[in-house]
Amino acid sequence: FPLRPPKDEL
Amino acid sequence: MNIFRLTGDLSHLAAIIILLLKIWKSRSCAGISGKSQILFAIVFTARYLDLLTSFISVYNTSMKVIYIGCAYATVYLIYAKFRATYDGNHDSFRVEFLVVPVGGLAVLINHTFSPLEILWTFSIYLESVAILPQLFMISKTGEAETITTHYLFCLGMYRTLYLFNWVWRFYFEGFFDMIAIVAGLVQTVLYCDFFYLYVTKVLKGKKLSLPA
């Protein structure tokens, strides 16, 4: 499965 | 990181701590919707699975761990330690009416059709409506303790400050996340009525009680 791009917000 | 995001995060943290302390100090979770707190625990769990897959910063990781830890601690206090004080009769919002449509929406409208991305989207949608059982409970009992209103104010301010953060990031970084922005707007709108009561009543030293 492709990982989602890292999201820097909480 | 900009000032709106930082103050938003701190406001969120303050809300979580206020609620934990309120329950711990009073040894009671009267007036608190356990259902909303379960929804928030689900929100954090679904969103922060990326703790296992990507590292952003020490700040990012520690906040995520604190949010998740506090969310489960709150659920534990309500449903185990102080269960006798839990007002289940007034906490009668049907959460399946939130979780099922939100789950369907996350599968239909997302950035990428992958498990982690769908779970992230689900958490964003669910967070926007997770406070409804709590607001429903207050409308049912017609009142809220002042400390509970401080909790709700901090929690509502957090997403409101994030809206300013997204405007900032759009202008200065070209950053734009439609799903987060629309859900954040919905979330903030749900608090508007409460914000009004908070400013006109609680800040003037009155208890929040609704007309019968």
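Protein chains in written order, with the numbering used here: chain A, 34 to 43; chain B, 4 to 215. Just so you know, even glycine gets a beta-carbon here, dropped at the ideal spot from N, CA and C.
Using a Cβ-Cβ cutoff of less than 8 Å, which residues in the same chain neighbour residue i once the five nearest sequence positions on both sides are dropped?
| i | result |
| --- | --- |
| B:T191 | G159, R162, T163 and L166 |
| B:Y154 | A18, I21, L22 and K25 |
Can you confirm whether residue i, when its beta carbon is compared against all beta carbons of chain A, has any partner nearer than 8 Å?
| i | result |
| --- | --- |
| B:D94 | no |
| B:I71 | no |
| B:W123 | yes |
| B:D219 | Because chain B spans 4 through 215 in this model, residue 219 of chain B falls outside it and cannot be assessed. |
| B:R162 | no |
| B:M66 | yes |
In chain order, what residues of the same chain have a beta carbon less than 6 Å from the beta carbon of residue i, not counting five sequence neighbours either side?
| i | result |
| --- | --- |
| B:A74 | F43, A44 and F47 |
| B:F173 | F179 |
Given residue i, which residues of its chain have a CB within under 7 Å of its CB, disregarding the five upstream and five downstream residues?
| i | result |
| --- | --- |
| B:I41 | V78 |
| B:W171 | N5 and F7 |
| B:L23 | C73, A76 and T77 |
| B:D94 | S36, G37, K38, P136 and M140 |
In or out: residue i buried (at least 16 other Cβ within 10 Å) or exposed?
| i | result |
| --- | --- |
| B:G11 | buried |
| B:H15 | buried |
| B:F175 | exposed |
| B:L238 | The structure shown does not extend to residue 238 of chain B, since chain B is modelled only from 4 through 215, so no value can be given for it. |
For a cutoff of 8 Å on Cβ pairs, would you count residue i as touching chain B?
| i | result |
| --- | --- |
| A:F34 | At A:F34 the pLDDT is 44, less than 50, meaning the model places this residue with poor confidence and gives no usable figure here. |
Under 8 Å: do the region 138-157 of chain B and the region 88-97 of chain B share three or more Cβ pairs, one atom per stretch? Of all C-beta pairs linking the region 138-157 of chain B to the region 88-97 of chain B, three or more are shorter than 8 Å, placing the two stretches in contact.
Is it true that the region 122-132 of chain B meets the region 189-209 of chain B, where meeting means three or more beta-carbon pairs spaced less than 8 Å apart? Short answer: they touch.
Which residues of the region 29-63 of chain B have a Cβ closer than 9 Å to any Cβ of chain A? Give them in chain order. Listed in sequence order: R50, Y51, D53, T56, S57, F58, I59, S60 and N63.
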